[in-house]
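A short worksheet on the structure shown next.
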Amino acid sequence: MNKIPLILIGGGGHCMACIDVIELEDKYVIEGILDKEEMIGRTVLGYPVIGTDTLVADLVKKNFHFLITVGQIKSAGIRKRIFENLKAYGAKIATIVSPRSYISKHSFIGEGTVVMHGAIINARAIIGLNTIINSNALIEHEVIIGDHVHISTAAIVNGSVKIENEVFVGSNSVLCNHIEITCHTIIGAGSTVTNSITTAGTYVGNPCKLISQKNNHL
């Protein structure tokens, strides 16, 4: 089988984790990485940084596929801007799923999403665009996750939870059944969310509490 040529955008720590999944999936061949100008000529796990995102238009014409490998914690802004820029150029955006994850055949995973090693996505779960389901995360039945979301390592999202766009759910956090999380929310590592969150901001603790509020219009 001929592998699909792939360009990664972002050469940091999340890129390394993505490379490991891409290599194991064995569907794509990584042709290079785009990053800041000062990174050009360096390598990430043996793959060269070939330029900045100014190359996107030309690479799209050459039929490369793309994957956003910039991480996401405090804000989804950078990943979202890159995704929208790729779509504006008509780019083909890869969806990457680790062979060491479990994905129900009754679930749906959106374009540009990465599912890392050990993740579980159960029946009738819907995962949006350009989202990270990180290592050992559990997405239970009938969960709906929006676009540009990061569900971090070993987080548990229980049944029928709805998570809106641009949310970060920290490592080892637990979201209880049937709750909703509004957009632009950050849930700190190890937090337990027992009730719906309707005010965007940063929440930590067990049960979690709002520690800083965010303006959704920013």
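All residue numbers for the sequence shown refer to our numbering, where the first residue is 85 and numbers rise by one.
In this text, a Cβ means the ideal position worked out from N, Cα and C, and glycines have one as well.
These numbers were taken from a predicted model, which means no experiment stands behind them.
Legend entry - Three CB pairs or more closer than 8 Å across the stretch 198 to 206 and the stretch 169 to 188: yes
Legend entry - DSSP-derived helix/strand/coil call for Leu-129: coil
Legend entry - Start and end residues, beta strand (DSSP E) containing Val-144: Here Val-144 belongs to no beta strand (DSSP E); instead the alpha helix (DSSP H) covers 140 to 145.
Legend entry - Same chain, Cβ closer than 8 Å to Gly-116, five either side skipped, listed in chain order: Ile-91, Leu-92, Tyr-131, Pro-132, Val-133, Ile-134 and Gly-135
Legend entry - Gly-254 beta carbon less than 8 Å from that of Ala-273: yes
Legend entry - Any non-hydrogen atom of the ligand MG closer than 7 Å to Val-277 Cβ: Summarising the ligand content, the structure contains no ligands, and the ligand MG is consequently not present.
Inset, instruction - Kindly give me the distance between the Cβ atoms of Thr-192 and Ile-177, rounded to whole angstroms, as I take these residues to be in contact under 8 Å. - result: The question names Thr, but residue 192 in the sequence shown is Phe. In fact, because the Cβ distance is near 16 Å, the residues do not count as touching under 8 Å.
Legend entry - Closest Cα partner of Ser-257 within the set Ala-172, Cys-267, Lys-298 and Ile-223: Ile-223
Inset, instruction - Leaving aside the five residues before and after Glu-307 along the sequence, list all residues of the same chain whose C-beta is less than 7 Å from its C-beta, in chain order. - result: Past the edges of the chain, shown from 85 to 302, lies residue 307, and the structure says nothing about it.
Inset, instruction - Starting from Lys-293, follow the beta strand (DSSP E) in both directions and report where the run begins and ends. - result: 292 to 297
Legend entry - Span separating the alpha-carbon of Gly-289 from that of Thr-269: 14 Å
Legend entry - Inter-residue CB distance, Glu-250 and Lys-158 (contact presumed, cutoff 8 Å): Between Lys-158 and Glu-250 the Cβ distance is about 11 Å, and since that is not below 8 Å, they are no contact.
Inset, instruction - Can you give me the start and stop residues for the beta strand (DSSP E) that Gly-285 sits inside? - result: 285 to 289
Inset, instruction - Take Met-100 and list the residues in its own chain whose beta-carbon comes closer than 8 Å to its own, dropping the five residues that flank it on each side. - result: Val-128 and Leu-129
Inset, instruction - Look at Asp-110 and Gly-94 and say whether their C-beta atoms are less than 8 Å apart. - result: no
Legend entry - Val-199 - DSSP class collapsed to helix/strand/coil: strand
Inset, instruction - Please specify which runs of the beta strand (DSSP E), each continuous and at least 3 residues long, are wholly inside the stretch 243 to 271, giving them in chain order. - result: none
Legend entry - Bridge partners - Phe-150, DSSP secondary structure assignment: Ile-91 and Ile-177
Legend entry - Member of Ser-236, Leu-139, Arg-208 and Ala-175 whose CA lies at the smallest distance from the CA of Phe-150: Ala-175
Legend entry - From Gly-230, Glu-122, Ser-185 and Val-113, residue whose alpha carbon lies closest to that of Ala-303: This structure cannot speak to residue 303, because the chain is shown only from 85 to 302.
Legend entry - Own chain partners of Cys-267 with C-beta closer than 6 Å, once the 5 adjacent residues on each side are dropped: Glu-248, Asn-249 and Glu-250
Inset, instruction - Kindly indicate which three-state DSSP category His-225 falls into: helix, strand or coil? - result: The answer is coil: DSSP assigns His-225 none of H, G, I, E or B.
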